Amino acid sequence: MTDLVIRTLDESSAHLFDALPDPLGLAEKHRRTRFRPDWQRVALRAGRVVARAAWWGRPEDTEPFLIDWFDVADGERDAGAALLRTAPWRVDEIDLDVPTGWRESATLRAAVDARTAAARTAGYEPLVERFLYRWTRDRGLPERPGRLRFTAEPDDAVFDALLRRIHSVTLDAHALRAVAEGGVEQAAREELEVFRWFPSPREWWQVASTPEGEPVGIHIPAHNPSGPCVGFIGVVPEQRGHGYAFDLLAECTHFLVERGAEFVAGATDRGNVPMAAHFARAGYPVTRERLNFWARR
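Using our numbering, the letters of the sequence shown map in sequence onto residues 515 to 811.
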């Protein structure tokens, strides 16, 4: 087998990134994503592209945030692993977005298995599978139940305290990973870092409470670099069982639409059955699925 050549792209070589079959439909998924050529890498064998990866972050970021596109050709698991291992940036996370129902297609399942094997070889382990949602105006706005009060809260300490309570009992795999590493303090801190990372205004963060003033949870209407999204929905443990997460999701959707959103993206873990049901009730269809990998410590 001929030697592998790995290169980081630039404007003159950016076309190489498209020289690989796309069985998972990542080009369509990422048609609104802006990748920097100098954060894209390819592996070539005998002049043919056999693996590619794109690291992603905000335009103003000096380092990428995660790997948002990863592909390998048939039989090139080790090339894909080498592409990730030799990168000048070491990020914690790989997001591999795949078509819905991919397990029912032998072709798609083989493609996913190949990329999973390459990611594992490079030191990344599967963390969670997620549903990706996209609400559009033709779906109609979900009705606001009117049971809660929503207020802006300028004090980050209030959100930190509520996040600690929310993550003390959680189904969210990312939060569980953080809790296992550093307790609810780390889980809350990492969540707040993501909130601050969003380019949308800090004033959008909202606390939900009952008419009597009892805290229920928080919702974070946000924009990521690809557009408006549900940044976070969380209910404190003692208020669960009343379906309040739907109230927060409905409010979050209305909030973004009132500020001009034509669509709203969302996501939840595949195993979070209650939240998946709330997304369905609010008119959010599943548009893709995501396999999330986390760097082995």
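A virtual CB, placed ideally from N, CA and C, is assigned to each residue, including glycine. As the structure is a prediction and not an experimental result, all values here were calculated from the model.
**Item:** Start-end ranges of the beta strand (DSSP E) lying completely within the region 519–574, minimum 3 residues
**Value:** 554–559 and 562–570
**Request:** Would you mind sorting R802 into buried or exposed? The rule is 16 or more other CB atoms within 10 Å of its CB.
**Result:** buried
**Asked** Hey, which unbroken runs of the beta strand (DSSP E) at 3 residues or more fall wholly within the region 601–638?
**Response** 607–612
**Closest residue to R784 among A687, A628 and W603 (Cα-Cα distance)** = A687
**Request:** Tell me the start and end of each unbroken alpha helix (DSSP H) in the region 731–795 that is at least 4 residues and wholly inside, in chain order.
**Result:** 758–772 and 787–795
**Asked** Is it buried or exposed for G589, if we count other Cβ within 10 angstroms and need 16 for buried?
**Response** exposed
**Prompt:** For the putative contact between W649 and V800, defined by C-beta atoms under 8 Å, what is the C-beta separation to the nearest angstrom?
**Reply:** The pair is not a contact, with the Cβ atoms about 11 Å apart (cut-off 8 Å).
**Prompt:** By DSSP, does S682 sit in helix, in strand, or in coil?
**Reply:** helix
**Asked** Over what stretch of residues does the alpha helix (DSSP H) that includes D592 continue unbroken?
**Response** R591 to R599
**Message:** Can you look up W808 in the DSSP assignment and give me helix, strand or coil?
**Reply:** strand
**Prompt:** How many whole angstroms separate the CB atoms of V787 and I680, which I take to be in contact at a CB cut-off of 8 Å?
**Reply:** Rounded, the Cβ-Cβ distance is 18 Å, inconsistent with contact.
**Prompt:** So S740 packs on T576, CB below 8 Å; how close in whole Å?
**Reply:** Rounded, the Cβ-Cβ distance is 20 Å, inconsistent with contact.
**Message:** Checking 8 Å against the spacing of the C-beta atoms, do A565 and L538 come in under that value?
**Reply:** no
**Beta-bridge pairing of R802 - partner residues as DSSP gives them** = L646
**Request:** Please go through the same chain and pick out, in chain order, the residues whose beta-carbon is closer than 8 Å to the beta-carbon of V672, but skip the five residues on each side of it.
**Result:** V721
**Message:** Suppose you measure from the CA of G727 to the CA of R661; what does that come to, to the nearest Å?
**Reply:** 12 Å
**Message:** So, at 6 Å on beta carbons, what are the nonlocal neighbours of R604 in its own chain, with the 5 sequence-adjacent residues on each side left out?
**Reply:** none
**Prompt:** Would you call the CB atoms of R555 and L523 closer than 8 Å?
**Reply:** yes
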